[in-house]
Structures are given as C-alpha cells and as structure tokens.
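Here UniProt numbering is used: position 43 in the sequence shown is 43, and no number is missing along the way. Where is the CB? At the ideal position from N, CA and C, for every residue including glycine.
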Amino acid sequence: MSKERIEGQARDVLGQAQESYGDFIDDDEQRLKGKLRQKAGQAQASYGEAIDNVREFTVSNPFGALATAAAIGFVIGRIWRL
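What follows is the structure, encoded as structure tokens:
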C-alpha cells in the first residue's frame with residue numbers, strides 16, 4: 001500500500017471527525033471544512049490506489065508495461081507534431 005493511499009485514508013477519517021465536530025457545535029464552517037478534507041482524502045487515496053495498480057502491473061508484466069509506455073510516447077509524439 002502506497003504512502004499516498006494511507007495518507008488519503010487518514011485525511012478522509014479526519015474530515016469525517018471534523019464534520020461531526022461541526023455538527024456537534026452547529027458550525028457550518030467546520031462542516032464544510034470537514035467535507036472538503038474528506039474529498040481531498042478520497043482523491044489522494046484514489047491516486048495512491050492508481051499508483052499501486054500501475055506498480056503491480058509493471059512488476060507482473062514488464063514487457064506489457066514497456067509496450068504500453070512506448071505506445072503512449074508514440075501517440076504523444078504524433079499529437080505534439082501536429
């Protein structure tokens with residue numbers, strides 16, 4: 001599990017706690033900050049999951065990863081040339 005994924009999950013939990021605190025003290029600003037922290041944490045966790053998936057694919061299929069990288073490089077080169 002990547003560092004990004006762990007940090008994202010922790011940020012999500014902290015956001016939930018902050019939102020609950022905002023509910024408890026009836027503070028809309030704390031609720032909003034908690035929701036924003038949750039969304040940022042979820043995005044960071046998704047990014048970490050994508051990194052983990054790419055890493056696993058690369059380790060299990062190095063030639064497929066190399067071919068994919070070459071194809072992406074070729075497409076970007078063709079687009080850049082236009």
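In chain order, what residues of the same chain lie with their CB nearer than 8 Å to the CB of Leu36, ignoring the 5 residues before and after it?
For Leu36, where only same-chain residues beyond five positions count, the Cβ hits under 8 Å are Gly15.
Whole angstroms is fine: what's the gap from Ala17's alpha carbon to Arg55's?
32 Å
Pair every Cβ in the segment 1 to 8 with every Cβ in the segment 41 to 55, then say whether three or more of these pairs are closer than 8 Å.
yes
For Gly8, count the other beta carbons within 10 Å of its own beta carbon; 16 or more makes it buried, fewer makes it exposed. Which is it?
Per the 10 Å Cβ criterion, buried.
So, at 6 Å on beta carbons, what are the nonlocal neighbours of Tyr47 in its own chain, with the 5 sequence-adjacent residues on each side left out?
Glu4
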